[in-house]
Each structure stands twice: as C-alpha cells, then as structure tokens.
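Undergrad:
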Amino acid sequence: MASRPRHRAATGARDGSRQRRLPLRFLLPALVLVALMAMLMLRGYVHSEILADHRVRPAAASDRVPEDVLTGGPVIDARSGRPTTLSVPDHRLVLTFDDGPDPVWTPKVLDVLKKHDAHAVFFVTGTMASRYPDLVERMVDEGHEIGLHTFNHPDLSYQSKQRIDWELSQNQLAISGAAGIRTSLFRPPYSSFSAAMDNESWPVTEYIGSRGYITVVNNTDSEDWRKPGVDEIIRRATPKGGDGAIVLMHDSGGDRHQTVQALDRFLPDLKARGYAFQNLTEALDAPSAHTRVTGLDLWKGQAWIFLVQASEHITDGLVVGLAIIGSLVIGRFVLMLLLSGWHARRVRRRGFRWGPPVTEPVSVLVPAYNEAKCIENTVRSLMASEHPIEVLVIDDGSSDGTARIVEAMGLPNVRVIRQLNAGKPAALNRGLANARYDIVVMMDGDTVFEPATVRELVQPFGDPRVGAVAGNAKVGNRDTLIGAWQHIEYVMGFNLDRRMYDVLRCMPTIPGAVGAFRRSALERIGGMSDDTLAEDTDVTMALHRDGWKVVYAENARAWTEAPETVQQLWSQRYRWSYGTMQAIWKHRRALVERGPSGRFGRVGLPLVSLFMVLAPLLAPLIDVFLLYGLVFGPTGKTIAAWLGVLAIQAFCAAYAFRLDRERMTHLISLPLQQILYRQLMYVVLLQSWITALTGGRLRWQKLRRTGVVEAPGGPVPTRQAISNDDRRPVG
Numbered sequence: 177m178a179s180r181p182r183h184r185a186a187t188g189a190r191d192g193s194r195q196r197r198l199p200l201r202f203l204l205p206a207l208v209l210v211a212l213m214a215m216l217m218l219r220g221y222v223h224s225e226i227l228a229d230h231r232v233r234p235a236a237a238s239d240r241v242p243e244d245v246l247t248g249g250p251v252i253d254a255r256s257g258r259p260t261t262l263s264v265p266d267h268r269l270v271l272t273f274d275d276g277p278d279p280v281w282t283p284k285v286l287d288v289l290k291k292h293d294a295h296a297v298f299f300v301t302g303t304m305a306s307r308y309p310d311l312v313e314r315m316v317d318e319g320h321e322i323g324l325h326t327f328n329h330p331d332l333s334y335q336s337k338q339r340i341d342w343e344l345s346q347n348q349l350a351i352s353g354a355a356g357i358r359t360s361l362f363r364p365p366y367s368s369f370s371a372a373m374d375n376e377s378w379p380v381t382e383y384i385g386s387r388g389y390i391t392v393v394n395n396t397d398s399e400d401w402r403k404p405g406v407d408e409i410i411r412r413a414t415p416k417g418g419d420g421a422i423v424l425m426h427d428s429g430g431d432r433h434q435t436v437q438a439l440d441r442f443l444p445d446l447k448a449r450g451y452a453f454q455n456l457t458e459a460l461d462a463p464s465a466h467t468r469v470t471g472l473d474l475w476k477g478q479a480w481i482f483l484v485q486a487s488e489h490i491t492d493g494l495v496v497g498l499a500i501i502g503s504l505v506i507g508r509f510v511l512m513l514l515l516s517g518w519h520a521r522r523v524r525r526r527g528f529r530w531g532p533p534v535t536e537p538v539s540v541l542v543p544a545y546n547e548a549k550c551i552e553n554t555v556r557s558l559m560a561s562e563h564p565i566e567v568l569v570i571d572d573g574s575s576d577g578t579a580r581i582v583e584a585m586g587l588p589n590v591r592v593i594r595q596l597n598a599g600k601p602a603a604l605n606r607g608l609a610n611a612r613y614d615i616v617v618m619m620d621g622d623t624v625f626e627p628a629t630v631r632e633l634v635q636p637f638g639d640p641r642v643g644a645v646a647g648n649a650k651v652g653n654r655d656t657l658i659g660a661w662q663h664i665e666y667v668m669g670f671n672l673d674r675r676m677y678d679v680l681r682c683m684p685t686i687p688g689a690v691g692a693f694r695r696s697a698l699e700r701i702g703g704m705s706d707d708t709l710a711e712d713t714d715v716t717m718a719l720h721r722d723g724w725k726v727v728y729a730e731n732a733r734a735w736t737e738a739p740e741t742v743q744q745l746w747s748q749r750y751r752w753s754y755g756t757m758q759a760i761w762k763h764r765r766a767l768v769e770r771g772p773s774g775r776f777g778r779v780g781l782p783l784v785s786l787f788m789v790l791a792p793l794l795a796p797l798i799d800v801f802l803l804y805g806l807v808f809g810p811t812g813k814t815i816a817a818w819l820g821v822l823a824i825q826a827f828c829a830a831y832a833f834r835l836d837r838e839r840m841t842h843l844i845s846l847p848l849q850q851i852l853y854r855q856l857m858y859v860v861l862l863q864s865w866i867t868a869l870t871g872g873r874l875r876w877q878k879l880r881r882t883g884v885v886e887a888p889g890g891p892v893p894t895r896q897a898i899s900n901d902d903r904r905p906v907g
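Residue numbers (my numbering): 177 to 907.
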C-alpha cells in the first residue's frame with residue numbers, strides 16, 4: 177500500500193490541478209524526446225548521413241557544350257545568358273582548396289599561407305562550414321575568398337533544380353552564419369577542367385549562372401588527394417612557362433599532411449620565380465566576390481550555426497551518456513550475477529543459520545485504505561501462518577467499509593484500529609504503538625502471504641545485528657501482458673538487486689509488501705517518517721545509518737496485486753521514482769559522516785543513485801541511438817548491438833528466474849517488454865526528474881484493486897494463531 181497525504185485524494189473530475197497536469201506527463205517527456213531526435217536529425221544532416229547523394233555520373237558527350245567553354249578558361253560566367261570564360265593572367269596563381277574546412281588540416285594550411293603572405297580561395301561545403309564556423313571566419317579575416325561547394329557535396333547533374341537551389345541556399349546560410357558574408361563563387365563537386373564539361377554538367381552550369389554565380393573549375397590539378405608524395409604534388413601544381421593558373425588542392429577529406437608540406441616549399445619557390453599568390457578577384461582585378469550580410473539574413477545564418485553547434489554538443493553529450501549507461505548496465509549486470517550467486521550459495525548451503533531459531537510471536541501490521549476488495553484474502557492468508565502472530569489492521573479512514581469487513585470476519589488475534597485518514601506512515605506508527613511484540617512484520621492491504629512467509633521473514637533476527645529484513649515480493653496477477661512484464665521486473669530488477677545489495681550491506685528498500693523490523697530499531701530512528709513519498713526507502717536508509725544490518729530473505733514470499741492498467745502503473749512508479757529521489761536527498765549528509773552512516777553514504781547512496789536514478793534516466797539513449805541507426809545506418813551493426821544488449825538482459829533474467837525457481841516461459845515477453853514497457857518507465861523517471869527539478873509536489877493516488885490475488889494453492893483457511901485474546905480497545 178502506498179503512502180498518502182493527510183487528506184483524502186479528490187477524484188480527477190474534481191481535482192482541477194490534476195486535470196491540468198495530466199497533459200504534462202506526456203507533453204514534457206515528448207518534447208524532450210522530440211528535441212533529442214531533432215538534434216540527432218540535424219547532426220545527421222550536417223554529417224551527410226541524411227539526404228546525402230553519393231552518386232557520381234560517368235563522362236558523357238559534350239556536343240551541346242559551347243566551344244568557347246570547352247576551349248576557354250577555368251572561370252565560367254553564365255550570368256548574362258551568354259557564357260564567357262576567363263583565365264588568370266601570367267605569373268598569377270590562384271590556389272583553391274576544396275571540401276573544407278577541416279578542424280585538423282585547414283588550420284595548418286592557413287598557417288602556411290599566412291607564413292608566406294599568400295591568399296587563396298576556399299570552396300567550402302555547407303556541412304563543414306556549419307560544423308567549423310570559426311575556420312570560415314578566420315579565412316575571411318585573413319583575406320582569403322570563400323566559394324560555395326554545395327551543402328552535401330552531391331553530383332548536381334543528378335539533382336533537380338529545387339535540390340540545386342537547396343544546396344546553394346543552405347551553403348550560403350552556413351557561410352552567412354559563420355562569417356557574415358555571401359559569395360558569388362561556386363565550384364561544382366567532382367568538377368575538373370572546363371574541357372571536361374559535358375552535356376550533363378553544362379545545363380547545371382547554365383542554371384547556376386542564372387542564379388547569379390560564377391562557376392570556377394581549374395586548369396592545374398595537384399592531385400594531392402592521391403597522396404603521390406610532396407615532390408609530385410609540387411610538380412603537378414606548377415604551371416609551365418610562367419602561365420597563370422587556378423590550382424586545385426584539398427584541405428579536407430582525409431590526411432593532408434603531404435599537401436601542407438608541399439605548400440611550405442611550393443609557395444616560396446614560386447614566389448622566387450616571380451609568381452603572386454592571390455585570391456580569384458585579386459588575380460582578375462575584379463570586385464570582391466564577398467558581400468556583407470545584415471539584418472534578417474544574418475540572424476538566420478547565426479541561428480543556423482547555433483543550432484548546428486548545439487546539435488554537435490548535445491550529440492557529443494549523448495555519446496558520453498551512452499558510454500556511461502553502457503558501463504553502468506554492464507557493471508550492474510556483472511555485480512548482480514556475481515553477488516547474487518554468492519548470496520544464494522551462502523544462504524542455501526547446508527547448515528546455514530542466521531542465529532538461534534526465532535520462535536516468539538510477532539505482530540503483523542496491515543495498513544489499509546479502501547482495500548475492501550483485497551483485505552479478506554490478505555487477513556485469511558495470515559491466519560494460515562506457520563508462525564505465531566497477531567494481526568493489526570489499521571484502517572486509515574477508508575470509505576468503502578474495509579474495517580467492517582475485517583471485524584465481520586470475527587477472527588482471533590486480529591484487531592482493527594481505526595483512524596482518520598493520515599497516510600501510511602502514520603498508520604504504521606499507530607500500529608507500532610499498539611503492537612504487542614518486538615518483531616513487527618509490515619505488509620500491504622493488497623498482498624497475501626504463504627503459510628511459511630512470516631516464519632522465513634523473521635529468522636534473520638536470530639542475528640542481533642539485523643534491524644530489518646526484506647522479503648520476496650512477487651506479482652500475483654501475472655496473467656495479463658502488463659502483469660507479466662512486472663513479474664519479470666520484480667524477479668530480475670528487484671529481487672536480484674536485493675541479493676546484490678544484501679552482500680554489499682547497503683540494501684536501499686524494504687518492500688512495503690513484505691518486510692520485517694526490529695521494533696527497538698524503529699524506535700531508535702523515530703519510527704516511520706512521512707518526509708518522503710517512499711517511506712519504505714526512507715526508513716531503510718535510516719536504519720543503515722543507525723548501524724543496523726538489513727538483509728534479504730528469499731523464501732519469505734508475498735504475492736501482491738500489481739497495477740493492471742498503464743494509468744495505475746504510471747501513478748505507482750512515478751511515486752516510487754520521486755520518493756526515491758527524495759530519500760536520497762534527505763540522507764545526503766551520510767556522504768560526509770563517519771561510522772555506519774558514512775559507510776552507507778559512500779557505498780549505498782552512490783550505488784542507488786547510479787543504478788536506480790541515473791542509469792534508468794540515461795537508458796533511453798540505447799533506444800534513441802537504436803532508432804537513429806535503424807533509419808540512418810549502419811543498420812546491421814545497430815541491430816547486432818541492440819540484440820547483444822537484449823541477450824545480456826535475457827541471460828540475467830533467466831539467471832534470476834532460476835534463482836527464484838520461476839518458470840522460464842514468462843520470459844517469452846521479455847523482448848516486447850524492452851520495446852514497450854521499458855519506454856514507459858523511462859518517461860515516468862523523466863517526469864520524476866522534472867518534478868524534482870521544478871520543485872513540484874506529487875499527490876498520492878490510490879490504485880484500484882480487484883482482489884484477484886491469492887497465495888499459491890487458492891484460498892487459505894482460517895487458523896487460530898497464538899491465543900484467543902479478545903480484541904482489546906486501542907488508544
């Protein structure tokens with residue numbers, strides 16, 4: 177049973193605040209997910225993973241290309257509709273660099289050009305200019321010219337006019353945002369000499385001219401992309417007989433150390449022979465190809481650069497997060513497998529005992545709030561207990577006759593305590609005040625025990641250092657798909673964890689469905705607290721800090737009714753997640769304290785924070801990158817990686833089921849659980865984080881019960897417990 181506020185929760189129809197908050201539980205996580213996917217899409221676009229076209233058209237006939245173009249210079253001006261060509265005057269060289277800027281090689285090229293007081297033209301792609309805008313700005317500041325080289329570097333002869341316009345406008349947008357300029361220079365990807373123009377590329381050149389651009393090819397190719405060696409690059413880049421030339425080189429696209437070394441020799445050698453290294457308009461004695469961008473166009477460019485840079489940083493952060501979650505998942509699985517196996521071997525070995533057998537009677541507290549459908553099964557299961565008990569049902573202001581049902585059963589050693597609605601912690605404290613015995617078992621009003629549950633649950637108290645014992649909570653209504661998914665979660669995620677935390681001596685939570693406490697231990701820490709929405713986690717952490725051992729009793733099985741709808745599951749897990757965060761924050765001082773509190777603070781709190789808060793929060797990155805990889809590739813490796821993660825989880829789940837002696841057939845729904853159920857848990861945790869960070873308060877909401885859960889074997893008979901004491905009045 178969950179904790180409740182001190183007043184009855186209003187229904188959704190009357191609770192206007194709840195109605196207003198309903199969309200937020202979907203809206204906020206959805207907005208975060210959409211934003212992440214948008215950033216990934218943007219990154220994929222600027223990395224040419226989306227909308228990229230890597231086809232290159234083979235050479236075609238050139239009979240429709242004007243002869244003046246085929247035999248003319250490397251500068252083609254088709255802006256007027258009648259194409260003309262220009263050549264660079266003698267003893268003037270225009271160095272051109274394609275495909276950049278590159279974060280490694282472009283700065284080295286710029287350093288060499290600056291060293292030798294030379295200018296050049298950089299034909300940049302929009303993808304690289306968007307990612308490295310500072311280098312474009314440096315090019316302009318140091319007197320170099322910028323030219324367009326499309327955004328994604330496609331062969332434009334394959335593209336429609338709309339795609340060509342898009343490539344040009346996006347390329348200009350990136351340059352505008354990076355350096356605050358527009359340029360009229362353009363070089364087609366995969367271009368060569370003007371003599372290589374053919375019937376497929378010429379119409380593109382004509383269209384480019386009609387859009388106001390001058391097409392610049394080359395007439396001297398260094399072929400540095402082949403990496404032929406420094407001497408060969410210099411030889412091929414050197415024009416003959418003092419001719420002027422436009423030299424093609426590259427500052428991106430791979431290792432360019434030969435290009436950098438060749439430049440450092442090429443520039444002084446040809447300067448000594450009377451050559452000048454100028455940008456294109458300087459060499460042609462023409463007005464600058466750059467025009468300043470202002471107003472809305474400048475803002476749009478800067479906004480584009482900002483978004484691209486944000487996508488880069490966010491993606492880098494996501495990759496780091498993915499590495500962290502991968503490490504956490506693997507580390508947790510390794511710890512669970514090793515330590516849970518060690519725990520099982522220790523408690524199952526022949527002759528293992530916690531201490532002297534515990535045979536004295538115990539008090540069982542059943543806080544109940546509107547549990548009319550479940551309470552009879554709960555109480556009757558306790559009457560079949562193999563251990564002497566008294567049962568205290570604390571009716572916390574129920575409006576459905578829960579207390580009357582218990583009283584009408586007329587069972588011995590069952591007392592009903594009524595109180596105004598004050599919440600689960602208050603109900604448990606009221607029960608503690610009226611309990612007769614030193615060992616107190618606590619359970620929820622929707623849970624049933626097996627006959628041996630109480631006996632198994634209290635045996636660890638034979639060790640005087642034990643202050644609390646966690647039982648083995650199991651899902652009783654596992655016949656539905658959502659119930660089966662929770663069954664897997666309980667066996668694998670909860671009970672395997674508890675074995676691990678038992679060995680590490682830092683178990684964070686005694687489940688409210690089945691737990692036992694030494695009464696004196698609870699009194700030392702002030703009883704149950706209502707400071708958080710996870711009073712079971714809160715009290716468990718307090719016991720650790722007070723120096724008590726908290727252990728796990730695997731055979732103390734309890735069958736609880738898990739939520740049967742998404743709405744109910746959401747409410748429950750939202751409260752659990754938020755309450756756990758509250759408990760961690762409440763006990764944060766344990767990190768710097770000494771003694772048992774300090775040990776728990778420096779071992780338990782970090783583990784709980786990593787495995788129960790941070791790891792689930794980052795785990796969606798696995799699925800985000802899965803979707804990204806499926807859509808944009810590499811698909812095969814992505815599927816293999818995801819199947820690998822699923823295989824690890826399946827192995828751990830199978831191991832957990834084997835330890836708990838559960839049927840493996842329930843694991844059939846594990847893959848679907850990972851695809852659907854896990855996503856719901858992600859969003860719940862994300863909403864809990866948002867609630868915590870924004871300072872919001874979470875209302876407790878009662879889950880609707882059906883009363884279908886019974887202990888294995890069906891209804892349990894009534895059984896006299898320890899005596900026939902009448903139900904005495906309680907204060």
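By construction, the Cβ of each residue, glycine as well, lies at the ideal position given by its N, Cα and C atoms.
Please state whether DSSP places residue 433 in a helix, a strand or coil.
TA: Helix at residue 433.
Undergrad: Among 283, 336, 340, 294, which one has its Cα closest to the Cα of residue 312?
TA: Closest by alpha carbon: 283.
Undergrad: If residue 410 and residue 438 are in contact, beta carbons under 8 Å, what's the gap, nearest whole angstrom?
TA: Yes, residue 410 and residue 438 are in contact; Cβ-Cβ is about 5 Å, under 8 Å.
Undergrad: Please state whether DSSP places residue 327 in a helix, a strand or coil.
TA: Residue state, collapsed to three classes: coil.
Undergrad: Within 8 Å, do at least three Cβ pairs link the stretch 292-300 to the stretch 261-275?
TA: The answer is yes - the stretch 292-300 touches the stretch 261-275, with three or more Cβ pairs under 8 Å.
Undergrad: Since residue 692 contacts residue 608 with CB under 8 Å, what's their CB separation in whole angstroms?
TA: Their Cβ separation, rounded to whole angstroms, is 13 Å, which puts residue 692 and residue 608 out of contact at 8 Å.
Undergrad: Note down, in chain order, each residue of its chain lying with its Cβ closer than 8 Å to the Cβ of residue 390, except the 5 sequence neighbours on either side.
TA: 251, 252, 253, 255, 360, 361, 362, 465.
Undergrad: Compute the Euclidean distance between the alpha carbons of residue 704 and residue 716, then round it to the nearest angstrom.
TA: One C-alpha to the other measures close to 10 Å.
Undergrad: Excluding the five sequence neighbours on either side, which residues of its own chain have a C-beta within less than 7 Å of the C-beta of residue 821, listed in chain order?
TA: Contacts found: 798.
Undergrad: Span of the beta strand (DSSP E) holding residue 618?
TA: Residues 615-618.
Undergrad: How big is the Cα-Cα spacing for residue 419 and residue 413?
TA: Going by the C-alpha atoms only, they are around 12 Å apart.
Undergrad: Would you mind sorting residue 281 into buried or exposed? The rule is 16 or more other CB atoms within 10 Å of its CB.
TA: Buried, since its Cβ has 16 or more Cβ neighbours within 10 Å.
Undergrad: Between the C-alpha atoms of residue 910 and residue 628, what's the straight-line distance to the nearest angstrom?
TA: Any property of residue 910 remains undetermined from this structure, which presents the chain solely from 177 to 907.
Undergrad: With 16 as the cutoff for other CB atoms within 10 Å, does residue 338 come out buried or exposed?
TA: Looking at its Cβ environment, which holds fewer than 16 other Cβ atoms inside 10 Å, residue 338 is exposed.
Undergrad: Go to residue 750, then tell me how far its alpha helix (DSSP H) extends in each direction, as first and last residue.
TA: Run containing residue 750: 742-762, per the alpha helix (DSSP H) assignment.
Undergrad: If you run the structure through DSSP and keep just helix, strand and coil, what is residue 300?
TA: Three-state result, residue 300: strand.
Undergrad: Considering only the alpha carbon of each residue, which of 860, 619, 322 lies closest to residue 734?
TA: Of the listed residues, the one whose Cα sits closest to residue 734 is 619.
Undergrad: In or out: residue 827 buried (at least 16 other Cβ within 10 Å) or exposed?
TA: Burial call: exposed.
Undergrad: Which first and last residues belong to the beta strand (DSSP E) in which residue 539 is found?
TA: Here the beta strand (DSSP E) through residue 539 covers 538-544.
Undergrad: Output yes or no for whether 8 Å exceeds the beta carbon distance between residue 711 and residue 810.
TA: Not closer than 8 Å, so no.
Undergrad: How would you label residue 375, buried or exposed, when you count the other beta carbons within 10 angstroms and need 16 or more for buried?
TA: Exposed, by the Cβ-count rule.
Undergrad: For residue 229 and residue 365, what's the separation of their Cα atoms in angstroms?
TA: When rounded, the distance between both Cα atoms is 12 Å.
Undergrad: In angstroms, rounded to a whole number, what distance separates the CA positions of residue 756 and residue 470?
TA: Distance between the alpha carbons of residue 756 and residue 470 is about 53 Å.
Undergrad: Extract the residue ranges of the beta strand (DSSP E) inside the stretch 589-638, only unbroken runs of 3 or more that lie entirely within it.
TA: With a minimum length of 3 residues, the continuous beta strand (DSSP E) runs that stay inside the stretch 589-638 are 590-595, 615-618, 623-625.
Undergrad: Between the Cα of residue 522 and those of 289, 472, 675, spot the shortest distance and give me the residue it belongs to.
TA: The candidate whose alpha carbon is nearest that of residue 522 is 675.
Undergrad: Residue 776: buried (16+ other C-beta within 10 angstroms of its C-beta) or exposed?
TA: Per the 10 Å Cβ criterion, buried.
Undergrad: From the DSSP output, read off the bridge partner residues of residue 572.
TA: BP columns for residue 572 point to 595.
Undergrad: Skipping 5 residues on each side, what residues in its chain have a beta carbon closer than 6 Å to that of residue 579?
TA: Answer for residue 579: 571, 592, 594, listed in chain order.
Undergrad: Between residue 512 and the rest of its own chain, which residues show a CB-CB distance below 6 Å, the 5 nearest in sequence each way excluded?
TA: Contacts found: 672, 676.
Undergrad: Can you have a look at residue 507 and say buried or exposed, based on whether 16 or more other CB atoms are within 10 angstroms of its CB?
TA: Result: exposed.
Undergrad: By how many angstroms is the C-alpha of residue 379 removed from the C-alpha of residue 456?
TA: If you take the alpha carbons of residue 456 and residue 379, they lie about 24 Å apart.
Undergrad: Cutting at 6 Å between CB atoms, please list the residues of its own chain near residue 639, excluding the five before and the five after it.
TA: Within the same chain, residue 639 has close Cβ partners 530, 531.
Undergrad: Going by the CB atoms, is the gap between residue 643 and residue 697 shorter than 8 Å?
TA: Yes. Within cutoff.
Undergrad: Verify the CB distance criterion: does residue 856 have a CB-CB separation below 8 Å to chain D?
TA: The structure shown has no chain D; it contains just one protein chain.
Undergrad: By how many angstroms is the C-alpha of residue 749 removed from the C-alpha of residue 857?
TA: Looking at the two C-alpha atoms, the distance is approximately 8 Å.
Undergrad: Could you check how far apart the C-beta atoms of residue 487 and residue 219 are, in whole angstroms? I think they sit under 8 Å.
TA: Going by Cβ atoms, the distance from residue 487 to residue 219 rounds to 4 Å, so yes, they are a contact pair.
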